[in-house]
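Please read the structure below before turning to the comments.
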Amino acid sequence: MTTIIDGNAVADDIRADVSACAETLADEGVTPGLATVLMSDDGASETYVSMKQRACADTGIESFHHEIDPDEPAEVLYDRIDDLNADPSVHGILVQMPVPDHVDKATVLERIDPMKDVDGFHPENVGRLVSGNARYKPCTPHGVQKILAAHDIETEGKDAVVVGRSDIVGKPMANLFIQYGPGGNATTTICHSRTENLGEKTRSADILVAAAGVPRMIEGSMVSEGAVVIDVGVNRVDADTEKGYELVGDVDFGSVREKASAITPVPGGVGPLTIAMLMYNTVKAASLQSDVPVDLP
Ligand code: GUN
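Take 422 as the starting number for the sequence shown in the numbering used here and just add one per residue.
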């Protein structure tokens, strides 16, 4: 029997814990605040940001949304970040990626106060993660750890294979897997666009995380019997639907579910966790900045 993992159920439990922590903070006069900044006309990015705002409302977090015309000079975004860094009602800042080509991504990530960097992308926070002293774990890979833990899937001593080396998912995912402690201690391989004999590597996985951004690239023949398959991909492909597209993962669900012991669907798998962990980091940020302790799991 293959378990189809219900990401919404895992996310619901986390959101309940986060809401309780938001209430603890509110009782002490601290309303957690998240600023979202969108400098893009991309429909998918607009959708993601509005989902993040809605999740704030559902968990007792105040959201402050900022839109910047993508044709504006980069300095407009940099100055906005400075303003948000200085605003005490804002505990977390999220600049939705990707930003336009004329904006320097590294400057954006470094400009955000590391204490407000709820994405965990600032070099200081990346360094802390790598050295085993994470402040804010990046939301998607942290969510993957939460899914595995919720399903009692042990990582210790297991072969984990991550397909994709993005700064947002692949690299931090692999880093979390190699850390000491729960959710870590895995023997970890990172595969990417230059990997040779990809199928050989993916078939060695007890836990396979697909995060390459290539629709349905992981097929049944690339997965070993009994593997746990986590699909991080969210790809819009043309389809005969009302919107003209459908969302598919990096995993060919139909063939891989025949082999996997557990698999996340798209949508409804990892996606809800990404947003829940952003709420988690925002509440943690509010706690750290106000010195009001909260009991986040
Ligand atoms: N774009 C796609 N995923 C993410 C994310 O997790 N954070 C930000 N800031 N932008 C993204």
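From the three backbone atoms N, C-alpha and C, an ideal C-beta is built for every residue, glycine too.
- prompt: For the ligand GUN, is there a heavy atom less than 7 Å away from the beta-carbon of Met-422?
  reply: No, Cβ of Met-422 sits at least 7 Å from all heavy atoms of the ligand GUN.
query: Within 10 angstroms of its Cβ, does Arg-475 collect 16 or more other Cβ (buried), or is it exposed?
result: With a 10 Å radius around the Cβ and a threshold of 16 neighbouring Cβ atoms, Arg-475 comes out exposed.
field: Nonlocal neighbours in the same chain, by C-beta distance under 8 Å from Gly-692, ignoring five residues either side
entry: Answer for Gly-692: Gly-428, Val-655, listed in chain order.
task: Answer yes or no: do Glu-562 and Asn-546 have a C-beta to C-beta separation smaller than 8 Å?
output: Here the sequence assigns Pro to residue 562, which means Glu is not the residue at that position. Contact check for Pro-562 against Asn-546 fails: the beta carbons are separated by 8 Å or more.
message: Could you compute how far the alpha carbon of Leu-717 sits from the alpha carbon of Thr-445?
response: Leu-717 and Thr-445 have their alpha carbons spaced roughly 11 Å apart.
- prompt: Where do the N-terminal and C-terminal ends of the alpha helix (DSSP H) with Asn-618 fall, by residue?
  reply: Note, Asn-618: premise wrong, no alpha helix (DSSP H); not H, not E.
- prompt: Taking Cβ positions, are Asp-573 and Cys-560 nearer each other than 8 Å?
  reply: No, these two residues do not count as a Cβ contact at 8 Å.
query: Any idea if Gly-464 is buried or exposed, counting beta-carbon neighbours within 10 angstroms, 16 or more meaning buried?
result: Exposed, since its Cβ has fewer than 16 Cβ neighbours within 10 Å.
query: Which residues mark the beginning and the end of the alpha helix (DSSP H) in which Glu-545 is found?
result: Start and end: 544–551.
- prompt: First and last residue of the alpha helix (DSSP H) that includes Asp-503?
  reply: Its alpha helix (DSSP H) spans residues 495–507.
query: Three-state secondary structure (DSSP) at Ile-696?
result: If DSSP states are grouped into helix, strand and coil, Ile-696 belongs with the helices.
- prompt: Considering only residues of the same chain and omitting the five flanking positions on each side of His-543, which have a CB-CB separation below 7 Å?
  reply: Leu-530, Glu-531, Ile-533, Pro-535.
- prompt: Any heavy atom of the ligand GUN within a distance shorter than 7 Å of the CB on Thr-528?
  reply: Not so, every heavy atom of the ligand GUN lies at least 7 Å from the Cβ.
task: Could you tell me which of Pro-509, Thr-685, Val-630 sits nearest to Gly-585, measuring between CA atoms?
output: Looking from the CA of Gly-585, the closest CA among Pro-509, Thr-685, Val-630 belongs to Val-630.
- prompt: Are the CB atoms of Leu-694 and Val-431 nearer to each other than 8 Å?
  reply: Against a cut-off of 8 Å, the Cβ pair of Val-431 and Leu-694 comes out as a contact.
Entirely enclosed alpha helix (DSSP H) segments - the stretch 580–638, minimum 4 residues: Qualifying alpha helix (DSSP H) stretches, in chain order: 591–599, 619–623.
- prompt: Nearest to His-512 by CA position, among Cys-477, Asp-490, Tyr-499, Met-594, is which residue?
  reply: For His-512, the closest C-alpha among the options Cys-477, Asp-490, Tyr-499, Met-594 is that of Cys-477.
- request: Please state if the CB of Val-650 and the CB of Ile-684 are separated by a distance shorter than 8 Å.
  value: The answer is yes: Cβ separation under 8 Å.
- request: For Val-687, verify whether its CB is less than 7 Å away from any heavy atom of the ligand GUN.
  value: No, the ligand GUN has no heavy atom inside 7 Å of this Cβ.
- prompt: Per DSSP, Gly-513 is paired with what?
  reply: BP columns for Gly-513 point to Leu-455.
query: Quick one: what's got a C-beta closer than 6 Å to Thr-392's C-beta in the same chain, skipping five residues either side?
result: Coverage of the chain is limited to positions 422 through 718, which leaves residue 392 absent and any answer about it impossible.
Member of Val-590, Gly-481, Pro-494 whose CA lies at the smallest distance from the CA of Val-565: Across the set Val-590, Gly-481, Pro-494, the C-alpha of Val-590 shows the shortest separation from the C-alpha of Val-565.
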